[in-house]
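Some notes on the structure that comes next.
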Amino acid sequence: MKCPFCGSASTQVTDTRENDEGDIIRRRRRCPDCDKRFTTYERIELKLPQVVKKNGSRAEFDRDKLQASMKLALRKRPVNAESVEHALDRIEGRLLSLGEREVQSEKIGELVMRELKRMDKIAYIRFASVYRNFEDAEEFSEVIREVTTPARTKSRTRAGS
Ligand SMILES: [Zn+2]
Numbered sequence: 497m498k499c500p501f502c503g504s505a506s507t508q509v510t511d512t513r514e515n516d517e518g519d520i521i522r523r524r525r526r527c528p529d530c531d532k533r534f535t536t537y538e539r540i541e542l543k544l545p546q547v548v549k550k551n552g553s554r555a556e557f558d559r560d561k562l563q564a565s566m567k568l569a570l571r572k573r574p575v576n577a578e579s580v581e582h583a584l585d586r587i588e589g590r591l592l593s594l595g596e597r598e599v600q601s602e603k604i605g606e607l608v609m610r611e612l613k614r615m616d617k618i619a620y621i622r623f624a625s626v627y628r629n630f631e632d633a634e635e636f637s638e639v640i641r642e643v644t645t646p647a648r649t650k651s652r653t654r655a656g657s
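Residue numbers (my numbering): 497 to 657.
Okay, structure coming up:
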């Protein structure tokens, strides 16, 4: 880290401390050339990628909006609010781990569908039917098959076709 006073490139760290939460590191530095001291902070940067919509426009990731659409799909289904929060945490975690600055809205839709499929099949169908917009009846029955056919039978059918 360059000295902000004289521009020397050889500053030394004299003290390193973490805050109580352990998410910020504070370093005291000394410049051997001009003997001035300064402090730097190190933080984890957690920034969710921007969402690129189908029409190409961009928007900030909106957890509340995502939660609302999941809750709509889960209406009157036996799934509690806590499970939805955990699902949202997992979705955010996946998005963060992509390490990308942008993500297609389809990708988020897929992540939501994966979570709903695990939580409640009816909610999954509801969400998928709106999300995928079911262009034809064939596509719809494909989704129905996906959620009603046991995994083992499904893979056998796939392998045979
Ligand atoms: Zn200096």
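Built from N, CA and C at the ideal position, the CB exists for glycine as well. Computed from a predicted structure; not experimentally measured.
Contact between T535 and R522 holds, with the beta-carbon distance rounding to 6 Å and staying under 8 Å.
Within its own chain, the residues whose Cβ lies closer than 7 Å to the Cβ of L542, once the five positions on either side in sequence are excluded, are L592, listed in chain order. In the DSSP assignment, R614 falls within the unbroken alpha helix (DSSP H) covering S601 to M615. Between L612 and A569 the beta-carbon gap is near 6 Å, inside 8 Å, which marks them as a contact.
Under the DSSP definition of a beta bridge, F534 partners with R525. Annotation for G605: Y627 place their beta carbon closer than 7 Å to its own, counting only its chain and skipping 5 residues before and after. Between R573 and D511, the C-beta spacing is not below 8 Å. In this structure, the alpha-carbon of C502 lies about 25 Å from that of R513. When the alpha-carbon of C530 is set against those of S504, V509, M609 and Y537, the nearest one is in S504. A direct Cα-Cα distance of roughly 18 Å separates F623 from E588.
If you check the C-beta of K532 against ligand 1, you find a heavy atom less than 7 Å away.
Here the distance from the Cβ of D529 to the nearest heavy atom of ligand 1 is below 7 Å.
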